[in-house]
Amino acid sequence: SLTKRAVAEAAQHDKVPRPVGFVPPPPPCPGRIRHFDI
Amino acid sequence: VPAPPAPLGCDDPESEAAAEIALSYINGHSHHGYKFALNRIEDIRMVPQGPNKDIVFLELDLLETKCPILSPTPLANCTVRTFAEHAVEGDCDVKLQKVDGTFSVLASKCHSHADSSEDILKVCPDCPVLTSLNNTEVLETVSAALNDYNSKTTGSYLRLLEIGRAKIQYHPGHIVATEFAVGATNCSAEEAKANVGVCQLLPEDQSNFGFCTAVMVKSPSQDLQVDCQMYGHQVPAPDIPLLSWPGVTYIHPGQDTS
């Protein structure tokens, strides 16, 4: 029988184990600001 | 099946190279105002067109520099206007092609606009903000400044090409500050006094453009300061048609070019 698990619980179990200190790469765009942001 | 190449990042060296080609094209093909510098690569998309050929779509955020578009100063030496000096931002969409690793611009469309005065005054309540270039006081100041310069110069009579920027401060003191582009004519200042109608801008192969700043103090006491720098004859780059000046033009706060 299917039981509906709480999303948080499911997410917890399904989360891909990340190596300690893993830093997600910066989004590819938009790029860095060279002078100032208007 | 080989994995598709990872999408280009906006700060990748290849994106920076494409942006540099795009910026050089935009400044090289602009006829008015000031040179723009790159502030941010907003987005980049590369669409493969076959072996060693891609189409690249770039979105660029630019900021106006203090160098007039006709100035021979290299862009790298042009100072970007600060936020408090009332910055002007440019948004450009550029289409390039990349063939065998070489970028070339196919089309560009830009829109420039001054930052909002409210934003400036929030941060700097006493900073004078840009005013309309058709403002009566601005036109009077530019006219008085150019007449004053021509009455004192030993060089050729200068004609107004366009007004670039203007600010009016009302407190403390009533001050009008303007920047405008000028072109040398085929008259000396003396000849112009006799018959200014015959004084025409020099032909393309002798053209000599320059730039003036003028500050008129109206109160507490009257004063007018004018400074003009002439660039001397610049040999136009072969692929860029020499600027054709349709007479006096005024840049509006928002300007589209493509």
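Same order as they appear, the protein sequences are chains A and B.
As numbered in the numbering used here, residues 241 to 278 make up the first sequence, in order.
As numbered in the numbering used here, residues 1268 to 1525 make up the second sequence, in order.
Where is the CB? At the ideal position from N, CA and C, for every residue including glycine.
How many Å lie between L1373(B) and D1328(B) at the Cα? Indexing the second sequence from 1 puts residue 1373(B) at position 106. Indexing the second sequence from 1 puts residue 1328(B) at position 61. Looking at the two C-alpha atoms, the distance is approximately 19 Å.
Mark N1306(B) as exposed unless 16 or more other C-beta atoms lie within 10 angstroms of its C-beta, in which case mark it buried. In the second sequence, residue 1306(B) corresponds to position 39, counting from 1. So N1306(B) counts as buried.
Would you report the Cα separation of E1281(B) and G1295(B), rounded to the nearest angstrom? For the purposes of this step, residue 1281(B) is taken as the residue at position 14 of the second sequence. For the purposes of this step, residue 1295(B) is taken as the residue at position 28 of the second sequence. E1281(B) and G1295(B): Cα-Cα distance of roughly 21 Å.
Decide if the region 1300 to 1317 of chain B is in contact with the region 1381 to 1393 of chain B; the criterion is three or more beta carbon pairs, one per stretch, under 8 Å apart. no
Check distances from the C-beta atoms of the region 1272 to 1289 of chain B to those of chain A and list, in chain order, the residues that come in under 9 Å. A1273, P1274, L1275, G1276, C1277, D1278, D1279, S1282, E1283, A1286
Extent of the continuous beta strand (DSSP E) run through V1484(B): The residue labelled residue 1484(B) in the question sits at position 217 within the second sequence. Where V1484(B) is concerned, the enclosing beta strand (DSSP E) stretches over 1476 to 1486.
State whether the region 1491 to 1501 of chain B contacts the region 1415 to 1425 of chain B, with contact taken as three or more CB pairs (one from each stretch) at a distance under 8 Å. yes
For the beta strand (DSSP E) that contains I1442(B), what are its first and last residues? Residue 1442(B) sits at position 175 when you count from the first residue of the second sequence. That run of the beta strand (DSSP E) goes 1441 to 1455.
Boundaries (first-last residue) of the beta strand (DSSP E) holding T1369(B): For the purposes of this step, residue 1369(B) is taken as residue 102 along the second sequence, with counting starting at 1. Per DSSP, T1369(B) belongs to the beta strand (DSSP E) from 1369 to 1381.
Closest residue to E1446(B) among L1469(B), V1465(B), N1453(B), L1400(B) (Cα-Cα distance): Taking the first residue of the second sequence as position 1, residue 1446(B) is located at position 179. Comparing Cα positions, the closest option is L1400(B).
Excluding the five sequence neighbours on either side, which residues of its own chain have a C-beta within less than 6 Å of the C-beta of G1450(B), listed in chain order? Residue 1450(B) sits at position 183 when you count from the first residue of the second sequence. The residues are R1426, L1428, L1468, F1476.
Chain A within 9 Å of D1506(B), Cβ atoms only: Sequence index remark: in the second sequence, residue 1506(B) carries index 239 (1-based). Any reading at D1506(B) must be qualified, since the residue scores a pLDDT of 49, below 50, and its modelled position is unreliable; the value itself is stated next. With 9 Å as the cut-off, D1506(B) does not count as an interface residue toward chain A.
Using a Cβ-Cβ cut-off of less than 9 Å, list which residues of the region 261 to 276 of chain A approach chain B; keep chain order. P265, P266, P267, P268, C269, P270, G271, R272, I273, R274, H275, F276
Reduced DSSP secondary structure (H/G/I, E/B, other) of L1425(B): On the second sequence, position 158 is the one that residue 1425(B) refers to. Correct three-state label for L1425(B): strand.
Nearest by alpha-carbon distance to H1441(B): which of L1491(B), S1375(B), R1432(B) is it? The sequence position of residue 1441(B) within the second sequence is 174, counting from 1. Checking every option, the nearest Cα to that of H1441(B) belongs to L1491(B).
If the cut is a Cβ gap below 8 Å, which residues of chain A does L1305(B) touch? Here residue 1305(B) refers to the residue found at position 38 of the second sequence. Under the 8 Å cutoff, chain A gives R274.
Cβ-Cβ separation, F1324(B) to K1362(B) (assumed contact under 8 Å), whole Å: As a first step, residue 1362(B) is located in the second sequence; it is residue number 95 there, counting from the start. As a first step, residue 1324(B) is located in the second sequence; it is residue number 57 there, counting from the start. Indeed they touch by this definition, with Cβ atoms about 6 Å apart.
Between the Cα of I278(A) and the Cα atoms of A1461(B), A1354(B), I1430(B), which residue gives the shortest distance? Numbered from its first residue, the first sequence carries residue 278(A) at position 38. The option with the nearest alpha carbon to I278(A) is A1354(B).
Compare the C-beta of I1293(B) with all C-beta atoms of chain A and state if any pair is closer than 9 Å. Here the question's residue 1293(B) lines up with position 26 in the second sequence. Closer than 9 Å: no.
Under 8 Å Cβ-Cβ, which residues of chain A neighbour A1433(B)? By 1-based counting over the second sequence, the position of residue 1433(B) is 166. Simply none; closest approach about 20 Å.
How many angstroms separate the CA atom of E1309(B) from the CA atom of S1486(B)? What you label residue 1309(B) is simply residue 42 of the second sequence in a count that begins at 1. What you label residue 1486(B) is simply residue 219 of the second sequence in a count that begins at 1. Using only the alpha carbons, I get a separation of about 45 Å.
Terminal residues of the beta strand (DSSP E) in which D1279(B) lies: The residue given as residue 1279(B) occupies position 12 in the second sequence. No beta strand (DSSP E) holds D1279(B); DSSP gives it neither H nor E.
DSSP-derived helix/strand/coil call for N1402(B): As a working mapping, residue 1402(B) is identified with position 135 in the second sequence. In this structure, N1402(B) counts as coil in the three-state DSSP scheme.
Bridge partners for P1335(B) per DSSP, in chain order? The residue you call residue 1335(B) lines up with position 68 of the second sequence. For P1335(B), which the question treats as bridged, DSSP gives the partners Y1301(B).
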